[in-house]
Structures are given as C-alpha cells and as structure tokens.
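This report refers to the structure that appears directly beneath it.
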C-alpha cells in the first residue's frame with residue numbers, strides 16, 4: 001500500500017471515527033431527550049387528570065363521560081397512549097396520532113425507546129392507565145440524526161477526496177525524491193531535485209542535492225582510486241590483522257606469479273622473502289609505517305627479484321587499525337639499469353682516461369718525431385745538399401744520387417710533418433684554439449678546393465684548458481673528415497661559440513653543417529659511425545650533449561654542446 005493511500009486512509013478513518021462518535025453522541029442525546037420528554041409529558045398528563053378528577057367528583061357529574069372527553073383530549077398529545085377502564089373493563093382507548101413521515105427503523109427505535117413505567121390513576125370503580133408512546137419523538141430524532149449523518153457522510157466523502165488530492169499534491173516532492181533515490185540505487189548519481197515551494201521540502205531538496213554531489217565526487221574518487229589500484233605498476237595488497245592477503249591488484253598477481261584466488265588468505269611474510277624477512281614479519285605484526293624497505297623474492301633457483309616494500313596501517317571509520325596496505329615495487333630492472341649506468345660511467349671514465357693517455361702519447365710521439373726524426377732528416381738533407389753541390393760538375397752519378405736523397409728526405413719530412421700535425425697540431429700549444437682552427441680550415445681549403453669552407457668563432461675561446469681545446473679540435477677535425485669523405489658537399493660551415501644558456505649557464509657550442517647527400521641517422525653500420533660514436537663519447541664524458549640531424553638529400557648537421565664549468569677553463 002502506498003504512503004499516499006495510507007495517509008488518506010488514516011485521515012479518513014479519523015473522520016469516520018469522528019462521525020461515528022458524533023452519531024453516538026447524537027443518539028445518546030436523543031435518547032435522553034426522548035426519556036425526559038416522555039417523563040415530563042406523562043407527569044403533566046397525570047396532573048391534568050388529577051385536577052380534572054377532583055373537579056368532577058365535587059360536582060358529582062357523570063365521571064366517565066368527562067374522563068372520556070379528557071382521554072380524547074390527552075390522546076391528541078402524540079406521546080401518550082391512554083386506556084380508560086370502568087368496573088366492566090375497557091371503556092375507551094386513546095391512541096396517539098400516527099406518525100405521518102418516514103418511520104424510523106426498528107434498531108433506532110430500540111435504541112431510543114425510553115424505559116418509562118405506565119402511570120395508573122384510580123377513581124371510583126374505574127381506573128386509567130397512561131403509556132408512553134414516543135414513536136413520534138423518535139421519528140423526529142431519526143429525521144434529525146439521518147440528516148446530520150447524511151451531511152456528515154457527504155462531508156466525509158468530500159473531505160476524503162480532498163485529502164487524497166491534497167496528500168497526492170503534497171507527496172509529489174516525495175515521489176520525485178523516491179525517483180531520485182531509485183536512480184541513486186541504479187548508480188545515476190547525477191540526478192538532482194528541483195526547488196520546492198514548501199520550505200521543509202526545499203531544505204530536503206538542497207540537502208539531497210548536496211548529498212548527491214558529495215556521493216558523486218566520492219564515487220568518482222573511488223573509481224579513480226580503483227582504476228589507479230588496478231592499473232598501477234606497483235603491486236598493491238590489502239592485509240588483515242593477521243597479515244593475510246585479502247585483496248590484490250593484477251600487478252601483484254604478475255609479480256608473485258599467482259592468481260588472486262591462490263593469493264587470497266596467504267600470509268605475506270610466508271611468500272619467501274630472503275632479505276629482511278624477520279623485519280618484514282615484525283613490521284606486519286606491529287602495523288608500522290615503512291617506506292622502501294629493500295628485500296628480495298626468489299622466482300627460481302638462480303634468479304630473484306629485487307623489491308622495495310612499503311606498508312601503511314589501514315584504519316576503519318573509528319580510527320582503529322583493521323589491517324595493512326602493502327605495496328611491492330619491482331626494482332630489478334632499475335637495479336640492473338643502475339649497474340649498467342655505473343658500468344657506463346666507469347667505461348666513460350676509462351674512455352676519457354684512455355683519450356687523455358692517447359693525447360699525451362700523441363703529443364709525446366709528435367715531439368719525438370719532430371725532435372729526433374726531424375733533426376735526422378734535416379742532417380741527411382744537409383749532407384745530401386753538400387754532396388750535390390760538390391759533384392754537380394765532375395761526378396754526375398753522385399750528383400743524381402745526392403739529388404734523389406734530397407728529394408726523398410724532403411718527402412719524408414713532409415710526411416712526418418703531416419703525421420705530427422695529425423698527432424698533435426703544434427699551433428694548439430703555441431697559438432691557441434682559434435689560430436689552430438683557422439690553420440686547419442685553411443689547410444682543408446687548399447686540399448679540397450671544390451668545397452667552400454667557412455669558420456665562425458664567437459665569444460671568448462682563449463681560456464679553455466687543454467682537454468677542451470683538444471675536444472673542440474678533434475670534433476671539428478672528425479666532422480670535416482667525414483664530410484669530405486662521404487658527403488659530396490659543396491659547402492661546409494664550422495661554428496664555435498661561447499654562449500650563455502638560461503638552464504645550463506655558460507656553455508661551448510660547436511656546430512658543423514654541410515649541404516651534402518645526407519644520411520640515415522639510424523644507420524650506424526659504416527666505418528663513419530665510429531667517428532660519430534667517438535665524438536659523442538667525447539662530448540658526454542665532459543657532461544655535454546651530441547646531436548646529429550640529417551636526412552637523405554638534406555646534408556648533415558652535428559651539434560655538440562659542452563657546459564663550461566670551472567674544471568674546463570684555465
């Protein structure tokens with residue numbers, strides 16, 4: 001049964017009870033009224049008869065004739081039924097007038113019929129009996145009560161209909177509230193109630209809308225949290241007070257190599273951690289907050305996973321500890337990457353040391369070639385010139401041999417000079433980086449007249465230490481060599497600048513660009529790539545970066561950037 005019908009029935013029953021109570025009161029009042037009127041009427045008739053009998057007896061007139069007239073007159077009173085008896089029996093019966101309107105029902109007559117004893121008056125040899133005959137009075141009361149009941153029933157029906165309509169109107173907001181609650185039950189938390197004219201319902205509407213908004217935000221947060229837990233790369237497990245697994249995400253299944261159905265109910269401490277096992281058990285038993293406790297979990301006889309374990313107590317609504325939230329992060333690859341990074345750093349340090357050793361050896365070798373072999377070649381050439389000059393006229397064979405020695409010595413000297421330049425450019429120590437680059441570019445221009453070489457140097461470049469000078473020279477030298485050998489370029493530009501960067505600060509920037517045929521950047525299978533790798537290692541060993549931009553037909557651009565710290569300047 002709906003609330004609307006229940007409320008309507010409740011008020012209808014109250015109205016019906018009120019109507020029945022009113023009817024009961026009316027019937028009770030009617031009974032008392034009829035009782036009082038019958039008693040009063042019979043008492044009045046008795047006094048009249050007494051007075052009449054007293055007068056007749058004094059005048060000694062025929063009593064029965066007078067009484068008969070009296071009974072006839074009294075019988076016209078509608079509530080009396082009079083019987084007149086003489087010594088021989090019933091002499092005259094005076095009946096009340098018959099009720100002409102609607103006759104009341106028997107049950108109503110029984111309810112209102114008064115209990116009045118008949119009144120007897122004796123006179124001489126006769127007597128008179130007066131009975132109460134309240135049928136007329138009861139009939140009138142029946143008409144009155146019936147009219148009142150009819151009006152009451154009409155009011156009851158109209159009031160019930162109005163109540164049903166009014167309750168329905170008043171309950172429209174409740175119906176909307178019920179619809180919204182049903183929507184909430186289905187998960188439609190976006191439903192909202194409108195404003196209502198009733199202050200109480202409007203307050204309920206505002207409270208409901210605030211609750212809906214809060215629930216929607218809470219559900220969205222819970223959904224995001226659930227998605228976060230499900231999609232998290234870390235293994236997340238919910239443990240009870242005994243340390244048993246109650247919930248786990250897919251990452252935990254993958255890490256532990258077991259299905260969730262197999263993991264549920266297992267104690268986390270019993271999964272086989274080999275590092276800090278006792279500490280893990282103590283943490284889970286005491287509900288401690290731990291971040292990134294390193295441990296290890298074997299996955300085979302020869303392999304194990306490096307894991308970071310973190311725990312935080314799980315609190316219920318009463319702020320009591322109900323379990324532990326545990327996260328496991330697989331750092332095996334991180335440890336391997338860290339080891340590889342350490343190895344790479346060590347390799348770069350070794351490469352840097354080897355480069356320094358190589359440069360020192362080249363410098364030493366260049367000095368030895370210049371000082372020893374160069375002097376010897378000069379001496380040989382000098383002796384050959386003396387011999388040639390003394391034999392120019394008289395010994396033509398000796399002259400020819402001496403000239404050949406001079407030519408060979410000159411050629412060897414040129415070769416040695418080129419070797420010395422390649423091993424260690426002497427202007428780098430004597431004149432500095434800028435002069436060395438200019439001389440090198442000029443030499444390349446002479447050797448490659450079909451290529452237009454351009455050099456651009458900006459900023460302060462005369463305060464760099466020996467390692468920086470050699471790095472810049474080697475990068476430029478290797479880049480030009482590659483371009484000349486492979487690019488088929490017609491123009492080659494070299495730019496060296498000392499500039500300021502907002503993020504890196506003061507830095508040295510080297511850019512070598514050509515307009516040759518270009519290359520595929522990912523193609524590192526030719527011998528040129530070793531030079532590129534060498535340049536990259538040189539830059540990275542000094543904390544810099546190496547960038548190569550190229551495409552087939554678009555030339556090659558090499559950009560090396562090295563930060564200028566105090567360790568890279570004089």
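In this note's numbering, the protein residues as written are 1 to 570.
Just so you know, even glycine gets a beta-carbon here, dropped at the ideal spot from N, CA and C.
Given the structure is predicted, the values throughout are model-derived calculations rather than measurements.
Below 8 Å between beta carbons: does that hold for residue 377 and residue 409?
Their beta carbons are under 8 Å apart, which means residue 377 touches residue 409 by this criterion.
What are the boundary residues of the alpha helix (DSSP H) that residue 571 is part of?
As displayed, the chain neither begins before 1 nor continues past 570, which places residue 571 out of reach and without an answer.
Determine the DSSP secondary structure at residue 552, reduced to helix, strand or coil.
In this structure, residue 552 counts as coil in the three-state DSSP scheme.
Would you report the Cα separation of residue 308 and residue 295, rounded to the nearest angstrom?
So the two alpha carbons sit approximately 6 Å from each other.
Check the DSSP bridge columns for residue 282 and list the partner residues they point to.
Paired residues: none, contrary to the question.
Give the DSSP-derived three-state secondary structure of residue 313 in the structure shown.
Residue state, collapsed to three classes: strand.
Have a look at residue 361 and residue 425 and give me their C-alpha separation to the nearest angstrom.
Using only the alpha carbons, I get a separation of about 13 Å.
Can you tell me the Cα-Cα spacing of residue 467 and residue 356, whole angstroms?
Taking the straight line joining both Cα atoms gives about 8 Å.
Looking at the unbroken alpha helix (DSSP H) that takes in residue 571, where does it start and where does it end?
Past the boundaries of the shown model lies residue 571; the chain is included only from 1 to 570, so the question cannot be answered.
Please state the DSSP three-state secondary structure of residue 191.
Three-state result, residue 191: coil.
Is there contact between the segment 140-156 and the segment 15-29, where contact requires at least three CB pairs shorter than 8 Å?
Yes: at least three Cβ pairs fall under 8 Å.
How would you write the range of the beta strand (DSSP E) that residue 509 sits in, first residue to last?
Residue 509 -> beta strand (DSSP E) spans 505-514.
As a quick exercise: from 241, 230, 194, pick the residue whose alpha carbon is nearest that of residue 320.
Of 241, 230, 194, the residue nearest in Cα terms is 241.
Among residues of its own chain, excluding the 5 on either side of residue 250, which ones have a beta-carbon nearer than 7 Å to its beta-carbon?
So the qualifying residues of the chain are 230.
Buried or exposed, going by whether 16 or more other CB atoms sit within 10 Å of the CB of residue 245?
Buried.
Return helix, strand or coil for residue 303, following the three-state DSSP convention.
Of the three classes helix, strand and coil, the one that applies to residue 303 here is coil, per DSSP.
Whole angstroms are fine: how far does the CA of residue 256 sit from the CA of residue 247?
Between residue 247 and residue 256, the C-alpha separation is close to 13 Å.
Could you spell out where the alpha helix (DSSP H) holding residue 443 opens and where it closes?
Its alpha helix (DSSP H) spans residues 433-447.
I need the DSSP call for residue 582, collapsed to helix, strand or coil.
No answer is possible for residue 582: it lies beyond the span of the chain, which begins at 1 and ends at 570.
Are there three or more Cβ pairs, one per stretch, closer than 8 Å when the segment 475-491 is compared with the segment 546-561?
Judged by Cβ distances under 8 Å, the segment 475-491 makes contact with the segment 546-561, as three or more pairs qualify.
Check residue 2 in the structure and name its three-state DSSP category.
In this structure, residue 2 counts as coil in the three-state DSSP scheme.
For a test of the three-state rule: what should DSSP assign to residue 34, helix, strand or coil?
Three-state result, residue 34: helix.
Got a sec? Which residues, its chain only, sit under 8 Å from residue 13 by beta carbon, not counting five neighbours each side?
No residues qualify anywhere along the chain.
Under 7 Å Cβ to Cβ from residue 365, same chain only, skipping five residues before and after it: list those, please.
Closer than 7 Å at the Cβ level, and outside the excluded window around residue 365, lie 423.
Can you tell me the Cβ-Cβ gap for residue 580 and residue 538, rounded? I've got them flagged as a contact below 8 Å.
Given that the chain is displayed from residue 1 to residue 570, the structure contains no residue 580 and the question cannot be resolved.
Whether or not the segment 453-461 and the segment 483-499 are in contact is what I'm after, with contact meaning three or more pairs of Cβ atoms, one per stretch, closer than 8 Å; do they touch?
Result yes; three or more Cβ-Cβ pairs closer than 8 Å.
Measure the beta-carbon distance from residue 111 to residue 94 and round it to whole angstroms, keeping in mind my assumption that it falls under 8 Å.
With a Cβ gap of about 27 Å, residue 111 and residue 94 do not count as contacting.
Is the beta carbon of residue 384 sitting closer than 8 Å to the one on residue 412?
In this structure, residue 412 does not lie closer than 8 Å to residue 384 by Cβ.
Does DSSP put residue 334 in a helix, in a strand, or in coil?
Note: residue 334 maps to helix in three-state DSSP.
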